[in-house]
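Worksheet: one structure, shown below.
Protein chains: 2
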Amino acid sequence: MSLLNILPREKPPLSFRLLQTTPEPGTRARCGLLELPGASVNTPVFMPVGTRATVKAMTAEELETLGYRLILGNTYHLEMRPSAALIAGLGGLPAFSSWHGAMLTDSGGFQVFSLKTLRRISDNGVQFQSHIDGSLHEFTSETVMKIQRDLAADIAMAWDECAPHPSTKEYVEAAMARTHKWLDRCIAEYDAAGRRATNGMPQALFGIVQGGTFKDLRLASSAYLASRDLPGYAVGGLAVGETQDERCMSIDWSLQNLPQDKPKYLMGVGTPVDILEAIDRGIDMFDCVLPTRNARNGQIITSTGPINIRNAAFQSSPSPVDPSCDCAVCKRYTRAYVHHLFRMNEMLGPRLTTYHNLAFYANLLAGARQSITHGSFLQYKADFLNHYCTEPLGDSVHE
Amino acid sequence: MSLLNILPREKPPLSFRLLQTTPEPGTRARCGLLELPGASVNTPVFMPVGTRATVKAMTAEELETLGYRLILGNTYHLEMRPSAALIAGLGGLPAFSSWHGAMLTDSGGFQVFSLKTLRRISDNGVQFQSHIDGSLHEFTSETVMKIQRDLAADIAMAWDECAPHPSTKEYVEAAMARTHKWLDRCIAEYDAAGRRATNGMPQALFGIVQGGTFKDLRLASSAYLASRDLPGYAVGGLAVGETQDERCMSIDWSLQNLPQDKPKYLMGVGTPVDILEAIDRGIDMFDCVLPTRNARNGQIITSTGPINIRNAAFQSSPSPVDPSCDCAVCKRYTRAYVHHLFRMNEMLGPRLTTYHNLAFYANLLAGARQSITHGSFLQYKADFLNHYCTEPLGDSVHE
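Protein chains in written order, with my numbering: chain A, 1 to 399; chain B, 400 to 798.
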């Protein structure tokens with residue numbers, strides 16, 4: 001008998017309800033309500049990335065103002081500094097960072113497998129040295145679940161191996177097989193801990209479909225994950241250099257065998273266009289550093305496409321940051337002013353562009369949800385693509 | 400006949416009204432209402448420093464939330480980048496930076512005379528090379544007034560020479576004599592331009608008392624300035640390395656000959672203790688980079704004295720940033736979290752400490768005004784000094 005059966009469970013870690021009953025023909029786009037201990041979240045949803053317990057340049061209040069109720073934290077970075085143990089002592093990551101909503105933590109796999117020179121992979125997990133102080137660590141299914149229990153996010157991700165792109169099919173298959181074995185160890189650890197975080201809050205575990213861009217591997221992986229009845233599922237191993245066609249097909253294969261009534265999360269994606277394409281294919285949840293990282297380099301995302309505010313063309317422009325946006329930044333500040341702030345490396349520059357880009361993503365997703373509800377998602381997507389130029393204006397001055 | 404007499408003047412550039420009628424015995428502390436084109440401001444007032452058209456790490460909205468209605472901009476930095484001409488083309492500094500309150504610009508003298516290797520002083524002014532691109536510039540009474548007209552601040556400062564400390568009496572006296580001559584040229588230029596900024600707004604000119612720490616020079620300088628009937632007066636040349644006693648005496652000498660009914664501005668001062676001492680002596684206006692610059696180094700100013708949040712002692716502290724403060728930062732965030740943000744060089748760290756320190760200064764000045772109104776300023780000052788330890792806790796880990 002697992003601990004799960006003897007612990008009181010006053011609420012489930014997650015419930016997901018599909019909201020529209022008659023889907024629009026020609027698309028698998030869907031609206032849902034994701035209920036987590038920390039917040040109720042309408043899907044499709046974009047999660048800003050709060051790598052080190054902060055969405056860079058933003059306060060928690062500002063994220064709330066923009067309507068964000070679910071953000072992401074990075075297991076690897078937080079375990080290196082200040083450590084999950086310290087965060088657990090302060091009540092978990094939401095309490096530590098004074099975040100009054102819900103959180104998802106990644107497994108740390110993506111970061112650890114990127115440490116080319118500092119890691120050793122085995123069937124048990126990965127041994128590696130911290131990029132900060134060289135200290136030795138090992139991430140396994142059990143340690144990663146323990147760290148995520150300590151962080152006390154609403155959603156924990158299973159420990160997985162994200163194979164680099166391109167890799168041989170043999171390597172991708174071996175990584176997928178490890179990921180499946182590791183998932184079963186994660187589930188055992190999850191059940192043994194009563195599906196709860198260290199602070200006592202219920203926690204949901206998502207499994208991750210891998211398999212690179214190989215159809216048979218993606219189908220096999222999604223079938224394997226579907227056989228484990230998990231609160232939710234993620235599509236991993238994409239946005240690592242594959243083409244858009246490869247990505248779209250890999251998403252379709254990954255979702256094919258997964259149950260309809262569970263939330264589906266596409267990890268690390270992406271541009272506004274990528275997100276609309278993936279919503280079209282049935283994805284419910286997204287995260288990506290793009291709107292925040294690019295904002296810090298001066299890239300402003302607008303309805304006509306990205307612009308780089310460092311470009312000299314904006315030096316004297318009295319236009320709002322994005323003339324078709326009604327966020328607090330666009331209602332008040334001009335392109336000339338933000339250009340000046342970036343030229344002078346003033347902190348207010350990335351503050352304003354980050355705020356706007358996250359407002360843009362919030363509006364993009366709110367528009368998608370509304371159009372799905374009204375049965376007009378394909379028109380919404382077509383209108384967006386029609387106005388949006390993906391080549392950034394002035395990106396020659398990109399950092 | 401000056402242009403002043405033929406231009407329409409629907410409102411004066413500045414009015415100042417002393418609010419309390421029966422001063423408290425034993426102090427010259429006073430409350431006033433300073434009415435400027437951009438805002439009405441209660442004095443004594445602290446002006447945050449917005450060197451390059453931004454109070455570093457803060458938005459205009461946040462400054463407004465904290466009650467700031469008057470901030471400072473730097474003539475030298477703004478002329479170097481993006482240039483007063485560009486700012487004039489966009490309507491002046493308040494419009495350029497979307498600041499909906501009042502502004503004061505300094506004369507640039509303090510910065511230009513600090514360019515030890517790049518400048519040449521003459522009786523006409525200073526020739527110097529830009530620290531950014533090496534371009535040649537000359538600041539004189541006329542150019543500095545023109546720049547400040549273009550910047551269109553509510554209050555322009557006269558072009559002055561701030562002698563370094565220590566200097567010989569001969570040098571300080573020569574610098575003072577130049578400052579007086581330059582003042583008269585500033586007044587001529589001010590009148591010729593109709594006492595208006597390039598954007599048509601009325602502008603107030605403040606003269607600056609110099610004279611180092613020499614009693615006779617300070618008295619002579621304040622007598623000279625009093626003979627020019629100006630909208631307001633500043634005490635310059637302090638906070639450059641003199642002792643607290645020297646500063647207090649120099650303030651007294653500087654104010655001695657100035658008219659009672661005009662606003663008095665102590666430039667570049669200072670710590671909370673410095674400010675209370677100067678209010679006690681009759682100063683109405685302050686500016687200083689201390690609360691904002693120190694905030695970016697992790698120094699948090701609290702009612703019991705400054706602390707450095709980088710100190711390891713705060714690593715696990717669940718205490719609010721300043722337990723006796725009710726600002727938005729102290730109501731939400733812990734010392735452990737802000738310690739983590741600074742350790743990781745996250746932008747949110749200096750954002751939160753800057754916001755709190757400016758809230759602290761706003762509260763300090765609001766408390767001073769209230770106590771003056773109630774005739775209890777000396778008690779307010781004594782209570783503050785009694786609780787405030789000037790040695791920063793944990794400052795050994797200062798940057």
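Backbone N, C-alpha and C define an ideal beta-carbon position, used for all residues, glycine too.
- Spatial neighbours of residue 715/B in its own chain (CB-CB distance under 6 Å, excluding positions within 5 residues in sequence) are listed in chain order as 735.
- With a threshold of 9 Å between beta carbons, residue 733/B makes contact with chain A.
- Only residues of its own chain outside the window of five on either side were considered, and among them 322 have a CB closer than 6 Å to the CB of residue 302/A, listed in chain order.
- Sixteen is the threshold: when 16 or more other Cβ atoms of the shown chains lie within 10 Å of the Cβ of residue 60/A, as they do, the residue is buried.
- Counting along the chain, residue 693/B sits inside the alpha helix (DSSP H) bounded by residues 689-695.
- The contact set of residue 488/B on chain A, defined by CB atoms closer than 7 Å, consists of 316 in chain order.
- Contact between residue 266/A and residue 238/A holds, since their C-beta atoms are separated by about 7 Å, short of 8 Å.
- Using beta-carbon distances, residue 481/B counts as an interface residue toward chain A, with a partner under 9 Å.
- When rounded, the separation of the alpha-carbon atoms in residue 487/B and residue 496/B is 12 Å.
- Nearest C-alpha to residue 550/B among 763/B, 450/B and 742/B: 450/B.
- Using a Cβ distance threshold of 9 Å, residue 604/B and residue 555/B count as a contacting pair.
- At the C-beta level, residue 171/A and residue 163/A come within 9 Å of one another.
- Inter-residue distance for residue 681/B and residue 642/B is about 19 Å (C-alpha atoms, whole angstroms).
- In the three-state DSSP reduction, residue 238/A falls in the coil class, being neither helix nor strand.
- Following the DSSP letters along the chain, one finds residue 762/B inside the alpha helix (DSSP H) bounded by residues 747-772.
- Rounded to whole angstroms, the gap between the alpha carbons of residue 29/A and residue 252/A is 12 Å.
- Taken through DSSP and simplified to helix, strand or coil, residue 89/A comes out as helix.
- Rounded to whole angstroms, the Cβ separation of residue 49/A and residue 69/A is 15 Å, and the two are not in contact under 8 Å.
- Neighbourhood of residue 736/B in chain A, by CB distance below 9 Å: 53, 54, 90, 96, 97 and 98, in chain order.
- Under a criterion of Cβ atoms nearer than 8 Å, the residues of chain B adjacent to residue 60/A are, in order, 731.
- By alpha-carbon distance to residue 166/A, the top candidate from 256/A, 240/A, 297/A and 268/A is 240/A.
- Fully enclosed alpha helix (DSSP H) runs of no fewer than 4 residues occupy 215-227 and 244-256 of the region 183-271 of chain A, in order along the chain.
- Of the candidates 226/A, 181/A, 115/A and 235/A, the residue whose Cα lies closest to the Cα of residue 132/A is 115/A.
- Under the Cβ criterion of 9 Å, residue 749/B is counted among the residues facing chain A.
- When only Cα atoms are considered, residue 329/A and residue 355/A end up about 7 Å apart.
- Put simply, the backbone Cα of residue 718/B is about 11 Å away from that of residue 90/A.
- Only residues of its own chain outside the window of five on either side were considered, and among them 697, 708, 709 and 748 have a CB closer than 7 Å to the CB of residue 741/B, listed in chain order.
- CA-to-CA, the gap between residue 95/A and residue 713/B works out to about 16 Å.
- Taking a Cβ-Cβ cut-off of 9 Å, residue 709/B has no neighbours in chain A, whose nearest Cβ is about 13 Å from it.
- DSSP places residue 451/B in the coil class of the three-state scheme, outside both helix and strand.
- Excluding the 5 residues flanking it on each side, residue 723/B has same chain C-beta neighbours closer than 6 Å at 702, in chain order.
- Note that the region 288-295 of chain A does not touch the region 254-264 of chain A; fewer than 3 beta-carbon pairs, one per stretch, sit closer than 8 Å.
- Contact annotation, residue 528/B with residue 517/B: C-beta distance approximately 4 Å; criterion of less than 8 Å satisfied.
- Distance from the CA atom of residue 479/B to the CA atom of residue 17/A, rounded to whole angstroms, is 58 Å.
- The C-alpha of residue 192/A lies about 38 Å from the C-alpha of residue 57/A.
- According to DSSP, residue pairing for residue 441/B in a beta bridge involves 432/B.
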